[in-house]
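Here's the structure we're looking at; comments come further down.
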Amino acid sequence: MSTNPWVWVAAFLTLAIYSFLYKDNPVYRFAEHIFMGVSVGYGLVLFWYNSVIPRLWEPLVKGTEPTRFFLLIPILIGALTFSLFVPRYSWLVKYTLAFVVGASAGLSIPLSFETNIFEQVRSTILTRQMLSGWGMVSNLIMFIGVIVTLAYFYFSMEHKGVIGKTARIGRIYIMIAFGASFGYTVMARVSLLIGRMQFLLHDWLGIIK
Amino acid sequence: MLLYLLFVSPPVNVHAYDTPDDAGGSITVEWSPPPGVEVKFYEVYRSCEGGPYEFIGKFIGSLHSYVDKGLEDGKKYTYRIRLIDVNGDTSEFSMPSSPAVPSPQWFKKGKLNLFIAVVLYFGFLIFFVQSAKTGKRLFIRRIAGLDALDEAVGRATEMGRPILYVPGLGTMGDVATIASVNILKPVAKKAAEYETPIIVPNRDPIVMTVAQQVVKEAYLEAGRPDAYREDNVFYLTDSQFAYAAGVDGIMMRERPATNLFMGMFYAESLILAETGNMTGAIQIAGTDAVAQLPFFIAACDYTIIGEELYAASAYLSQDPKLVGSLKAQDLGKAILMFLLLLGSILSLCNIPLILNFFRTL
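For the record, the sequence lines run as chains R and A. When we follow the numbering used here, the leftmost residue of the first sequence carries the number 85, and every step to the right adds one. When we follow the numbering used here, the leftmost residue of the second sequence carries the number 919, and every step to the right adds one.
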């Protein structure tokens, strides 16, 4: 059995969280609030030292001119968030949000086009190489799967007739993919459970070596 | 003549130029080995603005180019190279390269096809939005999971219990989060009309601020600004599992009648959905996280799958702008299906025209 008090604390908190499997109880609530409180505090410190200091404060104080003054723009945009605390000027936060949402969408749209469309289409288009050997079966299944799945997610037509039949095959494809994904992810979750059990039985109790 | 043979010839054709299609700060150096010399290593030296040459790296003999990064834009750099042959003999320095100046480029030519696709898509988008604005009726097929949203909000009202709306763990950079925020508005509006409280715990402070504004506007549009409670749209924590623990706690204590999980989810998806299931709430989940969808399908009453999530806001609100964007997406999908078929036929006939279009550098 461990003599390290921190191992005992971690074991107690692990069991407290697991107690939720029985029902909601004061021990779980205690662990839940500690977990959230600590994570918020830790996140704040991490953000301060990994983002604010190296990316904002140091370049602003030690950076070269005039580039360092450009940092005043994000500072101003960020500061507008605090206008929420003054109801009369809370509308100013919309500028921050417009900037963040616009920039995020602008950055993610081309990236999504490249990774989700271009890469996928290029890998799906059949070539002579893809239709040689045993890989042919797999590649054909994938090709048909992409077409019918796209048909399933086509919203401009009722799922009737040819489109309906194609979409139904698409649905089967999707369910097969989810089944495979479910099995794969469950295995990953089981490994997480094993990790926790190992901590309890090995690190804490020392029952298993 | 004998003296000449004792010396190892230096590399030739040393050529430096601004690296094309980059964000600046880099120069590409190329060189050729001298004829008849078996090279083991090359040593590259750099001079900035006519200053002394400094050693920047030693490279294997098969390498004949190097991309020098971290340079200052607008300054002149020259390079010279010497080699070490397989016998360990070092050559003289090569002739210095002509000066090269690093600079950023506005366009990356290798992504021109991507640019064309994005512009085309936005063309479709503008066309359909304009069509929808003129009052033209654009058809969208029934989506079962979304039809259930009304039922779910109504159920919470009947039971006199709140609605829990979880916008996921993503940031505003995730398309699923943007879709989630769009769905939040019609849901909050309905909740305001029915006078049912809506609880929105957030993991990201920016998403929280956006969610607060969206819910506030929804209450305003429903004519119930007085019923809006800012404290019901709050920040929980940034940590994934602490967030899951917090949301679980809310489900057990507040006992919402309806749980809506919309957005980006990771490993906590099943923890959330299972807890909601334990409380007996009606649950609707929507995400484009493929690995999490099976868990939602297993533990929720309805699941909105991937693309359906993007369509949801248009479907629910019937807002011309959103319906137009959905139509543009559909046209994009139809074109992709066509290009996949045509591209495959052409590629099998040794005409990789469409296949090459989808290559980006």
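Just so it is clear, CB atoms sit at the ideal spot from N, CA and C, and this is done for glycine as well.
Considering residue i, what are the terminal residues of the beta strand (DSSP E) in which it resides?
i	result
Asn1177/A	1176 to 1182
Leu1082/A	1081 to 1086
His117/R	No beta strand (DSSP E) holds His117/R; the alpha helix (DSSP H) holding it covers 110 to 131.
Asn1031/A	Premise fails: Asn1031/A lies in the alpha helix (DSSP H), 1030 to 1051, not in any beta strand (DSSP E).
Thr1221/A	1220 to 1223
Going by CA-CA distance only, name the one from the options that's closest to residue i.
i	options	result
Gly1197/A	Phe237/R, Ile231/R, Phe104/R	The displayed chain sequence assigns Thr, not Gly, to residue 1197/A. Out of Phe237/R, Ile231/R, Phe104/R, Phe104/R has the C-alpha closest to the C-alpha of Thr1197/A.
Met1255/A	Leu191/R, Tyr238/R, His286/R, Met259/R	Tyr238/R
Asp1281/A	Met1180/A, Ser1187/A, Tyr995/A	Nothing about residue 1281/A can be read from this structure; chain A reaches only from 919 to 1279.
Pro1014/A	Gln1158/A, Leu1211/A, Gly969/A, Tyr1137/A	Gly969/A
Arg1121/A	Phe1152/A, Leu1102/A, Tyr1137/A	Phe1152/A
Met281/R	Pro89/R, Tyr102/R, Trp90/R	Tyr102/R
Ser980/A	Arg1079/A, Trp949/A, Asn1005/A	Trp949/A
Met1180/A	Glu1192/A, Ala1230/A, Asp991/A	Ala1230/A
Met259/R	Phe1213/A, Pro953/A, Thr946/A	Phe1213/A
Val932/A	Glu967/A, Phe925/A, Thr946/A, Ile1124/A	Thr946/A
Ala1207/A	Ala1252/A, Phe1183/A, Tyr1137/A	Phe1183/A
Gly992/A	Gln1158/A, Ile1253/A, Pro1022/A	Pro1022/A
Ala1074/A	Val1084/A, Asn1100/A, Ile1116/A	Ile1116/A
Ile1253/A	Met214/R, Ile201/R, Asp287/R, Phe114/R	Ile201/R
Ala1106/A	Val962/A, Arg1142/A, Ala1062/A	Arg1142/A
Ser207/R	Gly1261/A, Cys1267/A, Asn1268/A, Ile1269/A	Gly1261/A
Phe1276/A	Ala1217/A, Leu1234/A, Asp940/A, Ile1034/A	Ile1034/A
Val1084/A	Ile1263/A, Ala1129/A, Lys1054/A	Ala1129/A
Tyr112/R	Ala1160/A, Ala1097/A, Tyr1112/A	Ala1160/A
Trp141/R	Glu149/R, Gly190/R, Pro150/R, Ile159/R	Ile159/R
Between residue i and chain R, is there a C-beta pair that is closer than 8 angstroms?
i	result
Arg1277/A	yes
Ile1096/A	yes
Met919/A	Its pLDDT being 43, under 50, Met919/A is placed unreliably by the model, and the measurement read from it follows with that caveat. Chain R contact via Cβ: absent.
Ser1310/A	Nothing can be reported for residue 1310/A, as the shown portion of chain A is limited to 919 through 1279.
Gln1236/A	no
Leu1271/A	no
Gln1201/A	no
Asp1156/A	yes
Glu1225/A	yes
Ala1106/A	no
Leu1244/A	yes
Ala1018/A	no
Lys1026/A	no
Met1077/A	no
Using a beta-carbon distance below 8 angstroms, is residue i in contact with chain A?
i	result
Phe154/R	no
Ala189/R	yes
Tyr238/R	yes
Glu116/R	yes
Glu198/R	yes
Arg172/R	no
Pro138/R	no
Thr151/R	no
Leu277/R	no
Ile258/R	yes
His243/R	yes
Arg280/R	no
Identify the contact partners of residue i in chain R, using a Cβ-Cβ distance below 9 angstroms as the criterion.
i	result
Asp1149/A	Neighbours of Asp1149/A on chain R: none; closest Cβ ~13 angstroms, over 9 angstroms.
Val1208/A	Ala261, Phe262, Ser265
Ala1229/A	Phe237, Phe239
In chain A, what lies closer than 7 angstroms to residue i by C-beta?
i	result
Ile225/R	In chain order: nothing, as chain A lies at least about 14 angstroms away.
Val230/R	Leu1258
Arg212/R	Leu1266
Any idea which residues DSSP pairs residue i with across the strands?
i	result
Ile883/A	For chain A, the structure presents residues 919 to 1279; residue 883/A sits outside this window and is missing.
His243/R	Beta-bridge pairing links His243/R to no other residue.
Arg964/A	Glu972/A, Tyr997/A
Asn1120/A	Tyr1153/A
Lys987/A	Ser944/A
His982/A	None, per the DSSP bridge assignment.
Ala934/A	Val947/A
Phe959/A	Ile978/A, Ile1002/A
Under 8 angstroms between beta-carbons, which chain R residues line up against residue i? List them in chain order, please.
i	result
Pro1212/A	Phe262, Gly263, Ser265, Phe266, Thr269
Kindly list, in the order they appear in chain R, the residues whose Cβ is closer than 7 angstroms to that of residue i.
i	result
Phe1057/A	Ser240
Interface residues of chain A around residue i at Cβ under 9 angstroms?
i	result
Thr165/R	Pro1123, Ile1124, Thr1127
Met120/R	Leu1154, Thr1155, Ser1157, Ala1160, Tyr1161, Ala1163, Gly1164, Gly1167
Could you tell me the boundaries of the alpha helix (DSSP H) in which residue i lies?
i	result
Val145/R	142 to 146
Asn1274/A	1271 to 1275
Asn200/R	First-last for Asn200/R: undefined, no H or E at that position.
Lys1026/A	Premise fails: Lys1026/A is in no alpha helix (DSSP H) and is neither H nor E.
Val232/R	219 to 236
Ile1215/A	1211 to 1217
Under 8 angstroms between beta-carbons, which chain A residues line up against residue i? List them in chain order, please.
i	result
Pro158/R	Neighbours of Pro158/R on chain A: none; closest Cβ ~13 angstroms, over 8 angstroms.
Ile101/R	Ala1163
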